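Only one structure is covered here, and it is reproduced in the block below.
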Amino acid sequence: MQIDVHIDVDHGPQTVLQALCDAKFVEYLTEMAGAELTDVTVNITDEGDVTLVARRNVPTDLIPTQARGFVGSAIEIRQVEAWSRPLEGEDGPRYGTAVLDISGAPVHAKGNTRLVPTERGSRLHYDLDVTSNVPLLGAMIERAVTETLSRIIGQLESALQTWLDSPS
Numbered sequence: 033m034q035i036d037v038h039i040d041v042d043h044g045p046q047t048v049l050q051a052l053c054d055a056k057f058v059e060y061l062t063e064m065a066g067a068e069l070t071d072v073t074v075n076i077t078d079e080g081d082v083t084l085v086a087r088r089n090v091p092t093d094l095i096p097t098q099a100r101g102f103v104g105s106a107i108e109i110r111q112v113e114a115w116s117r118p119l120e121g122e123d124g125p126r127y128g129t130a131v132l133d134i135s136g137a138p139v140h141a142k143g144n145t146r147l148v149p150t151e152r153g154s155r156l157h158y159d160l161d162v163t164s165n166v167p168l169l170g171a172m173i174e175r176a177v178t179e180t181l182s183r184i185i186g187q188l189e190s191a192l193q194t195w196l197d198s199p200s
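Per this note's numbering, the very first residue in the sequence shown carries number 33; after that it's consecutive.
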């Protein structure tokens with residue numbers, strides 16, 4: 033099942049990406065979602081390519097009811113985002129990939145990301161494919177996970193805006 037969602041932020045792409053890859057922001061976002069950040073790693077090449085790997089323990093009450101029967105009382109979600117170096121200057125567009133693996137659950141998401149400048153600031157776009165390999169229930173689980181991920185990406189918009197607008 034496809035997720036095609038974007039958020040708009042009143043800051044340029046470079047500033048937004050710096051926040052997305054800031055371990056303190058990742059922890060802030062994780063706590064907002066009621067989960068626990070267990071590890072975050074950010075690698076930045078000399079050319080400006082960025083890779084973020086975050087691991088979170090998520091209580092099962094935060095995941096769709098349809099998927100709870102396949103997991104224990106908590107699950108680990110591993111998020112990997114790889115971003116290209118900026119094109120067309122430091123605040124130019126960036127393109128990348130995103131993968132969400134849910135340990136012990138028969139569902140995962142992967143796809144493409146874009147972070148592009150706009151007149152107002154920037155637009156962060158996720159185009160993800162959610163798949164589940166559970167016979168008969170796969171479509172229902174995919175739909176529930178898609179709805180949850182769409183809601184979380186929506187929360188990312190307000191979290192980013194709050195984080196970037198607050199004095200450091």
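All residues carry an ideal CB built from backbone N, CA and C; glycine is no exception. Bear in mind that the values here come from a model prediction, so they are computed numbers and not experimental data.
May I have the straight-line CA-CA distance separating residue i from residue j, to the nearest angstrom?
i	j	result
residue 155	residue 174	25 Å
residue 151	residue 194	20 Å
residue 43	residue 148	11 Å
residue 56	residue 88	14 Å
residue 92	residue 108	10 Å
residue 116	residue 79	9 Å
residue 131	residue 113	7 Å
How is residue i classed by DSSP in three states: helix, strand or coil?
i	result
residue 162	strand
residue 168	coil
residue 154	strand
residue 199	coil
residue 212	No information on residue 212 is available, as it lies outside the stretch 33 to 200 that the chain covers here.
residue 51	helix
Among residues of its own chain, excluding the 5 on either side of residue i, which ones have a beta-carbon nearer than 6 Å to its beta-carbon?
i	result
residue 133	110, 140
By DSSP's criteria, residue i is part of a beta bridge. Which residues make up the other side?
i	result
residue 36	159
residue 148	155
Among the residues of its own chain, which have a CB less than 8 Å from the CB of residue i, if the five just before and after it don't count?
i	result
residue 185	35, 37, 39, 158
residue 63	69
residue 48	41, 147, 153, 154, 156, 192, 196
Note down, in chain order, each residue of its chain lying with its Cβ closer than 7 Å to the Cβ of residue i, except the 5 sequence neighbours on either side.
i	result
residue 76	82
residue 22	Absent from the model: residue 22. The displayed extent of the chain is 33 to 200, so no value can be given.
Residue ranges of each beta strand (DSSP E) run of no fewer than 3 residues wholly in the stretch 69-138, ordered along the chain? 82-91, 106-115, 126-134
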